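Enquirer: Before I ask anything, here is the structure I am working with.
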Amino acid sequence: VSQSRYDPEKWAACSAGPTTPFTGRKCILGLDLSKTTDLSAMVALYLCEGDEFEVDAMFWSPRDLIMERERTDRQPFQHWVNSGFITATDGNIIDHSAIREHVLEYAKTHQVEKVFMDLNGAVQLAVELQGAGLQVAGWSQGFRGMSSPSKRLESLVMQQKIRHGGNPVLSWMAGCVTIETNAYEDIRPVKKKSTGRIDGIVALIFALGGWETDQIKNQPGAEPSILFL
């Protein structure tokens, strides 16, 4: 595991908001769902002029864990809840139904083209979203699925071609990322330490990977075999 990560100054330089409101625009959703205690994340990815992107992120946490997490992670979770960056769900485990309702409401006012998510532990939610008319695709968190979009995200940040609106939860998570590399120089994001959370970055990488896949599909003579991860 190397210590490469998003340069805080470069990340901060990408904190501009959207050029036009998100409502009504086409987007791809990435969902990273926790089973119990981690944060869950939804990131909507919007393509702008000239291969630039804009990001709209939402997070969820069990309400009963907010104060405990504030102590262990040393971050202002309650303030983030009060400010609307995190939605607190009832109880001490994550409520997937609250996430489902948010995604479906979001889809009413935004053109959600596809939802990409790790199906591990979230098959039920995927089935429910599909049943409500959304296109859902699984995405692997292994090197094969994560490497190309992870490299793209690093490049976008370096070139200031992604705007995240200064979301404080997503920005904190960007600082928690380190990169794991395999023998083939594939990369994927991992947490620097156990108290770090990277769910929002993972969800963003899912969405970028989905966008890349659609780009490949739309190329003349694309090889179908490389589309499945």
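Residue numbers (this note's numbering): 633 to 861. Don't be surprised by glycine CBs; every beta carbon is placed ideally from N, CA and C. Since we're looking at a predicted model, the values are computed, not measured.
1) For GLU686, name the three-state secondary structure that DSSP assigns.
2) Drop a sphere of 10 angstroms on the beta-carbon of ILE811, count the other beta-carbons inside from all chains shown, and report buried for 16 or more, exposed for fewer.
3) Can you tell me the Cα-Cα spacing of ILE830 and ASN850, whole angstroms?
4) I need the straight-line Cα distance from MET790 to ALA648, nearest angstrom please.
5) Can you tell me which of THR741, GLU700, ARG695 and TRP712 puts its alpha carbon nearest to the alpha carbon of ALA730?
6) By a C-beta neighbour count over all protein chains shown, 10 Å radius and 16 as the cutoff for buried, is ARG706 buried or exposed?
7) Could you tell me the alpha carbon to alpha carbon distance between ALA806 and GLY753, rounded to whole angstroms?
8) Just mark VAL755 as buried or exposed, buried being the case when its beta carbon has 16 or more other beta carbons within 10 Å.
9) Buried or exposed for CYS646, please, with buried defined as at least 16 other CB atoms from any protein chain shown within 10 angstroms of its CB.
10) Just the Cα atoms here: how many angstroms apart are LYS740 and HIS728?
11) Once DSSP output is grouped into helix, strand and coil, what is the label at TRP804?
12) Would you list the residues sitting across from SER693 in a DSSP beta bridge?
13) Checking 8 Å against the spacing of the C-beta atoms, do PRO593 and GLY797 come in under that value?
14) From THR652 to LEU785, what does the alpha carbon distance come to, in whole angstroms?
15) For GLN767 and SER779, I'd like the C-alpha separation in whole angstroms.
16) What is the DSSP secondary structure of SER787, counted as helix, strand or coil?
Expert: Let me lay it out:
1) Taking the sequence shown and counting its residues from 1, the one referred to as residue 686 is at position 54. DSSP places GLU686 in strand when its eight states are reduced to three.
2) For this step, residue 811 is matched to residue 179 along the sequence shown. Under this definition ILE811 is a buried residue.
3) Locating residue 830 in the sequence shown gives position 198, where the first residue counts as 1. Locating residue 850 in the sequence shown gives position 218, where the first residue counts as 1. Computed Cα separation, rounded: 31 Å.
4) Along the sequence shown, read from residue 1 onward, the residue named residue 790 stands at position 158. Along the sequence shown, read from residue 1 onward, the residue named residue 648 stands at position 16. Whole-angstrom Cα-Cα distance: 14 Å.
5) Residue numbering aside, residue 730 sits at position 98 when the sequence shown is read from its first letter. Closest option to ALA730, Cα to Cα, is ARG695.
6) What you label residue 706 is simply residue 74 of the sequence shown in a count that begins at 1. So ARG706 counts as exposed.
7) Counting from 1 along the sequence shown, the entry for residue 806 is found at position 174. Counting from 1 along the sequence shown, the entry for residue 753 is found at position 121. Between ALA806 and GLY753, the C-alpha separation is close to 24 Å.
8) As a working mapping, residue 755 is identified with position 123 in the sequence shown. Exposed is the call here.
9) Translated into positions along the sequence shown, residue 646 becomes position 14. It counts as buried.
10) In the sequence shown, residue 740 corresponds to position 108, counting from 1. In the sequence shown, residue 728 corresponds to position 96, counting from 1. Taking the straight line from one Cα to the other gives about 19 Å.
11) Counted from its first residue, the sequence shown places residue 804 at position 172. Helix at TRP804.
12) By 1-based counting over the sequence shown, the position of residue 693 is 61. Answer by DSSP bridge pairing, in chain order: ALA720.
13) Shown here, the chain extends from 633 to 861; a query on residue 593 therefore has no answer.
14) Translated into positions along the sequence shown, residue 652 becomes position 20. Translated into positions along the sequence shown, residue 785 becomes position 153. Taking the straight line from one Cα to the other gives about 22 Å.
15) As a position in the sequence shown, residue 767 is number 135, starting the count at 1. As a position in the sequence shown, residue 779 is number 147, starting the count at 1. Approximately 23 Å between the Cα atoms of the pair.
16) Residue mapping note: residue 787 aligns to position 155 of the sequence shown, counting from 1. It is helical.
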